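To keep things clear, I will list the structure first and then write my remarks on it.
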Amino acid sequence: MAGRQEVSKRLDLLGFFCPIPIHETKAAIFSLSVRLESDTAWVLEVVCDDPETLRDIPILCDRMGVNLLEVVENSGEYVFFISNTSDKRKRGEGHE
23 MAGRQEVSKR
33 LDLLGFFCPI
43 PIHETKAAIF
53 SLSVRLESDT
63 AWVLEVVCDD
73 PETLRDIPIL
83 CDRMGVNLLE
93 VVENSGEYVF
103 FISNTSDKRK
113 RGEGHE
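Numbered according to the working numbering, the sequence shown spans residues 23 to 118.
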């Protein structure tokens with residue numbers, strides 16, 4: 023994440039398996055969206071070791087309209103960087 027926006031919140035979900043990582047990530051995305059103004063950009067860092075998250079978190083991000091910036095794998099740990107600055111939001115889609 024060098025050169026990018028600072029992480030707003032970090033979730034440490036090491037040792038938890040499905041469905042906990044997805045549930046907690048969804049709750050954190052919702053919390054950041056509600057807590058911060060809609061025009062305020064945020065970055066969520068999620069650290070976990072459940073290999074299912076490699077499939078599930080990108081799907082969750084797509085469904086929630088947020089951007090999966092980066093996934094870093096290191097010795098069985100996965101770090102996801104998620105932001106509310108999705109392509110849809112940048113283009114103004116979904117707003118009437």
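Here a beta-carbon is modelled for each residue, glycine too, at the ideal position from N, C-alpha and C. Remember, predicted model here, so these are calculated numbers, not experimental data.
CB-CB length for residue i against residue j, believed under 8 Å
i, j, result
"Ile81", "Val68", "Not a contact, Cβ separation roughly 14 Å."
"Glu99", "Leu36", "7 Å"
Coarse secondary structure for residue i, derived from DSSP in three states
i, result
"Leu36", "coil"
"Glu28", "coil"
"Ser55", "helix"
"Glu46", "helix"
7 Å CB neighbourhood of residue i in its chain, flanking five on each side removed
i, result
"Arg77", "none"
Outcome for residue i when other beta-carbon atoms lying within 10 angstroms are tallied against a minimum of 16
i, result
"Phe39", "exposed"
"Asn106", "buried"
"Ile51", "buried"
"Val56", "exposed"
"Val14", "There is simply no residue 14 to check, as the chain begins at 23 and stops at 118 in what is shown."
"Pro41", "exposed"
"Pro73", "exposed"
"Thr62", "exposed"
"Asp29", "A quick correction: the sequence has Val, not Asp, at residue 29. That one is exposed."
"Val65", "buried"
is_contact[residue i, chain C] using C-beta, thresh 7 Å
i, result
"Arg85", "Included in the structure is just one protein chain, with no chain C present."
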